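In my numbering, each residue carries its 1-based index in the sequence shown increased by 8. Just so you know, even glycine gets a beta-carbon here, dropped at the ideal spot from N, CA and C. These figures come from a predicted structure and were not determined experimentally.
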Amino acid sequence: MLAFQEFQRELGRHIRDPRRTKRPAGVPARRMAVYNDLLFDNLRGFLDACFPLSRQLLGERRWFSLVRAFFREARCGAPYFREIPHEFLDWLARTETLRGSLPPWLHELAHYEWVELALDVMDGDPPAHNPHGDLLDGLPVFAPAVLNLTYTWPVHRIGAAWRPRKPAATHLLVFRDTEDAVQFIVLNPLSSRLIALLQAGPCSGRQACLALAGEIAHPHPESLAIHGAQLIAGLRATGALLGTVPA
Numbered sequence: 009m010l011a012f013q014e015f016q017r018e019l020g021r022h023i024r025d026p027r028r029t030k031r032p033a034g035v036p037a038r039r040m041a042v043y044n045d046l047l048f049d050n051l052r053g054f055l056d057a058c059f060p061l062s063r064q065l066l067g068e069r070r071w072f073s074l075v076r077a078f079f080r081e082a083r084c085g086a087p088y089f090r091e092i093p094h095e096f097l098d099w100l101a102r103t104e105t106l107r108g109s110l111p112p113w114l115h116e117l118a119h120y121e122w123v124e125l126a127l128d129v130m131d132g133d134p135p136a137h138n139p140h141g142d143l144l145d146g147l148p149v150f151a152p153a154v155l156n157l158t159y160t161w162p163v164h165r166i167g168a169a170w171r172p173r174k175p176a177a178t179h180l181l182v183f184r185d186t187e188d189a190v191q192f193i194v195l196n197p198l199s200s201r202l203i204a205l206l207q208a209g210p211c212s213g214r215q216a217c218l219a220l221a222g223e224i225a226h227p228h229p230e231s232l233a234i235h236g237a238q239l240i241a242g243l244r245a246t247g248a249l250l251g252t253v254p255a
């Protein structure tokens with residue numbers, strides 16, 4: 009290994025863990041400290057902005073320790089600043105040593121907070137569609153940025169005044185509306201499954217409703233289609249669905 013490569017390795021190890029790894033020879037302590045603080049504070053700024061509730065609920069000391077551990081241990085695969093929160097989520101999910109020291113719902117809460125950023129930067133243009141098309145006979149068109157999510161914990165209710173003691177399956181539809189605002193809709197399991205069928209398409213609203221009726225062995229499929237039509241119409245009213253294209 010060349011000398012400059014060894015220096016880079018020593019520099020990187022020290023930046024990641026300045027308390028336990030000595031700084032490279034010849035680098036003044038004061039200058040190194042400024043560089044260490046600059047890099048760590050920059051990374052922490054992205055995480056603080058994306059996960060304000062997680063930070064609040066953990067408290068400053070535990071949050072600082074968690075971010076410091078991420079800075080020290082993680083090996084990020086994306087070079088973009090906006091990907092730092094997602095890299096943090098991936099690291100949090102696979103770091104077994106943290107499981108017993110953190111609330112069991114923290115990873116899902118952090119994901120719930122990250123979703124808003126993810127939708128804010130999600131690209132995509134909807135196809136040409138009829139905003140007034142028949143939702144049962146046509147193929148429903150979703151907003152370009154939409155996620156149908158299922159959590160083990162009721163993440164949308166967690167806050168300073170309430171934290172769950174037991175898991176409770178939670179289904180959420182999250183989308184960016186035509187005003188570029190991120191919206192959240194709480195779903196029941198059947199509504200979530202119907203949306204999943206529509207997203208997996210292509211299928212008409214009626215086909216998705218009848219497929220759902222078959223999955224749950226509903227005795228009156230057409231009755232379920234009526235209720236499904238009401239749900240789909242409600243999604244269009246909120247902006248999660250934009251309209252239809254021909255089947």
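For the beta strand (DSSP E) containing residue i, name the first residue and the last one.
i, result
"Phe183", "178-184"
"Leu157", "154-159"
"Phe150", "147-150"
If the criterion is Cβ atoms closer than 8 Å, does the pair residue i and residue j meet it?
i, j, result
"Pro152", "Pro134", "yes"
"Gly1", "Gly247", "Shown here, the chain extends from 9 to 255; a query on residue 1 therefore has no answer."
"Ala189", "Leu205", "no"
"Phe48", "Phe89", "no"
"Phe54", "Pro93", "yes"
"Ala82", "Glu95", "yes"
With respect to the alpha helix (DSSP H) encompassing residue i, which residues constitute its N-terminal and C-terminal limits?
i, result
"Gly251", "Run containing Gly251: none in the alpha helix (DSSP H); it sits in the beta strand (DSSP E), 249-253."
"Leu206", "197-208"
"Glu138", "The question names Glu, but residue 138 in the sequence shown is Asn. Element bounds for Asn138: n/a, residue is neither H nor E."
"Glu116", "114-129"
"Cys58", "37-58"
"Gly236", "229-246"
Starting from the C-beta of residue i, find all residues in its chain whose C-beta is less than 6 Å away, skip the five residues before and the five after it, and write them out in chain order.
i, result
"Pro32", "Phe15, Glu18, Leu19"
"Asp185", "Gln191, Gly247"
Output needed for residue i: all residues of its chain with C-beta closer than 7 Å, excluding positions within five of it in sequence on either side, in chain order.
i, result
"Asn196", "His179"
"Lys192", "Sequence inspection shows Phe at residue 192; the Lys mentioned does not correspond to that position. Cβ neighbours of Phe192 beyond the five flanking positions: His164, Leu180, Val182."
"Thr252", "His137, Asn138, Gly141, Asp142, Leu143, Gly146, Leu147, Pro148, Val149"
Short of 8 Å in beta carbon distance, which residues of its chain neighbour residue i, apart from the five on each side in sequence? Order them along the chain.
i, result
"Gly222", "Pro229"
"Pro162", "Pro172, Ala176, Thr178"
Does the stretch 49-65 touch the stretch 113-131, meaning 3 or more C-beta pairs lie closer than 8 Å?
yes
Does the stretch 153-168 come close enough to the stretch 108-118 to have 3 or more Cβ pairs within less than 8 Å?
yes
Take every Cβ of the stretch 39-57, pair it with every Cβ of the stretch 21-30, and state whether three or more of those distances are shorter than 8 Å.
yes
Going residue by residue through the stretch 66-102, where are the continuous alpha helix (DSSP H) segments of at least 4 residues, counting only ones entirely within it?
68-81, 92-102
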